[in-house]
Amino acid sequence: MAVLGVSARLALTRSGLPSDLPDPDINPLLVNAFLALQLSGGFGLFLIVLTALGSRHVKRNATWYTFLVAWIISCISYTLVFLLGQQNAPSFGPCVTQAAGIYSAPALTSSATLAFAIDMLLGVRATSPQRPPKRQNSITLTLVFIPYVLWLAVFVGMLAFGVSNPAQTRIGPNGTYCDFIWDIPSKISSLITIGTTLVLLVIEGYIAIRLIRNRNLLKDRQLSAMAVRVIIFSALGALGLGVGIAYELYSIPGASFDVIMAAIPAGGALIFGTQTDLVNVWLFWRTQAPRHAEQYDDLKSSAIPDVPTPRFES
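Per numbering that gives the first Met the number 0: the sequence shown = residues 0 to 313.
1) I want to know whether the segment 84–100 touches the segment 45–52 - three or more CB-CB distances under 8 Å.
2) Would you mind stating whether residue 254 and residue 25 have Cβ atoms separated by less than 9 Å?
3) Indicate the three-state DSSP secondary structure (helix, strand or coil) for residue 179 in the structure shown.
4) By how many angstroms is the C-alpha of residue 117 removed from the C-alpha of residue 150?
5) Residue 191 to residue 110, Cα distance in whole Å?
6) Using 8 Å as the cut-off, classify the Cβ of residue 257 as near or not near the heavy atoms of the ligand GTP, replying yes or no.
7) Could you compute how far the alpha carbon of residue 198 sits from the alpha carbon of residue 42?
8) Excluding five sequence neighbours on each side, which residues of the same chain lie with their C-beta closer than 8 Å to the C-beta of residue 120?
9) Tell me whether the segment 76–85 and the segment 31–38 touch, counting them as touching only if at least three CB pairs, one residue from each stretch, are closer than 8 Å.
10) Shortest alpha-carbon distance to residue 180 belongs to which of 136, 193, 146 and 157?
11) Could you tell me the alpha carbon to alpha carbon distance between residue 152 and residue 168, rounded to whole angstroms?
12) Residue 257 and residue 83: beta carbons closer than 9 Å?
13) In the DSSP assignment, find the beta strand (DSSP E) that holds residue 170 and state where it starts and stops.
14) Quick one: measure Cβ to Cβ for residue 161 and residue 98, integer angstroms, because I've assumed they're closer than 8 Å.
15) Give me the Cα-Cα distance between residue 138 and residue 53, rounded to the nearest whole angstrom.
16) Report yes if the CB atom of residue 146 is closer than 9 Å to the CB atom of residue 88, and no otherwise.
17) The alpha helix (DSSP H) spanning residue 37 covers which residue range?
18) Counting C-beta neighbours from all protein chains within 10 Å, is the total for residue 21 16 or more, i.e. buried, or is it exposed?
19) Among 159, 136, 114 and 154, which residue has its Cα nearest to the Cα of residue 142?
20) What do you get for residue 173, buried or exposed, if any count of 16 or more other CB atoms within 10 angstroms of its CB means buried?
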């Protein structure tokens, strides 16, 4: 995970990318930390998705998968040139693709996280004594696909800009990933993140308050644990909001901001990968007591027929 040096600068010049990167400003330890967090977060989330898909004991809704896959795509976007073995000297193609990816990833992750939160909100509201009418599958489909439609639109737009303006593509000043010299794409990305995170915090705050005030729900261990996860995830959302604001104010953040940003998917893997049903699948050699359906209290959202509804385990 070495960072750019003199040989890399020469390679960038040959590939047509700007080579005005100030080597003294790059901190190799922070670059390595950034890559390690992105890779570990992406791998952890990928392992969680594989476990959930491969085990009949793990039940999740489609928006949960949408949320995790979105963050996996984000991790791949931020480490693309490293995964291709070009971290030190990326060619134009991978570099411009990564630049388009890192500007479109926030639109995907923030909207997918918001969709997941909306689904949780509808599930919590469904536990009220006066249950609302059953939701149409079209709502679930919308929550699943809109984040990817938004992401694809932003990605194609950014890629078209980068291909049309090759001089704008460069290795970022922090040495972590490729970006564009023009700061408008970064501001657009930051504003999307800030706007969706604000809405996300309101929704997650409401969910947490609703669960805390409903003492009957808190007597259920699974629901209590879920409330804690919601609060922790809200804190991560606030952290992401802070990174977005800092990016907007300073335009070009230090590598430490990149490391904080990379900690979000790693934290998400830790939060959502420590649920009891997932851990029990991984610890398959342990003898497990038989489970009864009544142990779980579904906070239901209407599901796509072949996708199980979410269960809030500890």
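Don't be surprised by glycine CBs; every beta carbon is placed ideally from N, CA and C. In this text the structure is predicted, and so the values were computed from the model without any measurement.
With the structure as the only source:
1) no
2) For the purposes of this step, residue 254 is identified with residue 255 of the sequence shown, where counting begins at 1. For the purposes of this step, residue 25 is identified with residue 26 of the sequence shown, where counting begins at 1. Cβ distance < 9 Å, so residue 254 and residue 25 count as in contact.
3) Taking the first residue of the sequence shown as position 1, residue 179 is located at position 180. DSSP places residue 179 in strand when its eight states are reduced to three.
4) As a working note, residue 150 is residue 151 in the sequence shown. As a working note, residue 117 is residue 118 in the sequence shown. Cα to Cα, residue 150 sits roughly 18 Å from residue 117.
5) The count along the sequence shown starts at 1 and reaches residue 191 at position 192. The count along the sequence shown starts at 1 and reaches residue 110 at position 111. So the two alpha carbons sit approximately 9 Å from each other.
6) No copy of the ligand GTP occurs in the structure displayed, which carries no ligand at all.
7) Indexing the sequence shown from 1 puts residue 198 at position 199. Indexing the sequence shown from 1 puts residue 42 at position 43. For residue 198 and residue 42, the distance between alpha carbons rounds to 28 Å.
8) Against the sequence shown, residue 120 aligns to sequence position 121. Closer than 8 Å at the Cβ level, and outside the excluded window around residue 120, lie 202, 205 and 206.
9) yes
10) The residue labelled residue 180 in the question sits at position 181 within the sequence shown. Among 136, 193, 146 and 157, the Cα nearest to that of residue 180 belongs to 157.
11) Residue mapping note: residue 152 aligns to position 153 of the sequence shown, counting from 1. Residue mapping note: residue 168 aligns to position 169 of the sequence shown, counting from 1. About 19 Å.
12) Translated into the one-based positions of the sequence shown, residue 257 becomes position 258. Translated into the one-based positions of the sequence shown, residue 83 becomes position 84. Not in contact: residue 257 and residue 83 (Cβ atoms no closer than 9 Å).
13) As a first step, residue 170 is located in the sequence shown; it is residue number 171 there, counting from the start. For residue 170, the enclosing beta strand (DSSP E) covers residues 168–170.
14) Position 162 of the sequence shown, counted from the start, is the residue given in the question as residue 161. Position 99 of the sequence shown, counted from the start, is the residue given in the question as residue 98. The beta-carbon separation of residue 161 and residue 98, rounded to 5 Å, stays under the 8 Å limit for a contact.
15) Taking the first residue of the sequence shown as position 1, residue 138 is located at position 139. Taking the first residue of the sequence shown as position 1, residue 53 is located at position 54. Cα-Cα distance, rounded: 26 Å.
16) Numbered from 1 along the sequence shown, position 147 holds the residue referred to as residue 146. Numbered from 1 along the sequence shown, position 89 holds the residue referred to as residue 88. The answer is no: Cβ separation not under 9 Å.
17) For the purposes of this step, residue 37 is identified with residue 38 of the sequence shown, where counting begins at 1. Segment 27–53, the alpha helix (DSSP H) holding residue 37.
18) If you number the sequence shown from 1, residue 21 lands on position 22. With a pLDDT of only 42 at residue 21, under the threshold of 50, the placement of this residue in the model should not be trusted; the figure read from the coordinates follows. When all chains shown are included, residue 21 counts as exposed.
19) Position 143 of the sequence shown, counted from the start, is the residue given in the question as residue 142. Out of 159, 136, 114 and 154, 114 has the C-alpha closest to the C-alpha of residue 142.
20) In the sequence shown, the residue the question calls residue 173 occupies position 174. Under this definition residue 173 is a buried residue.
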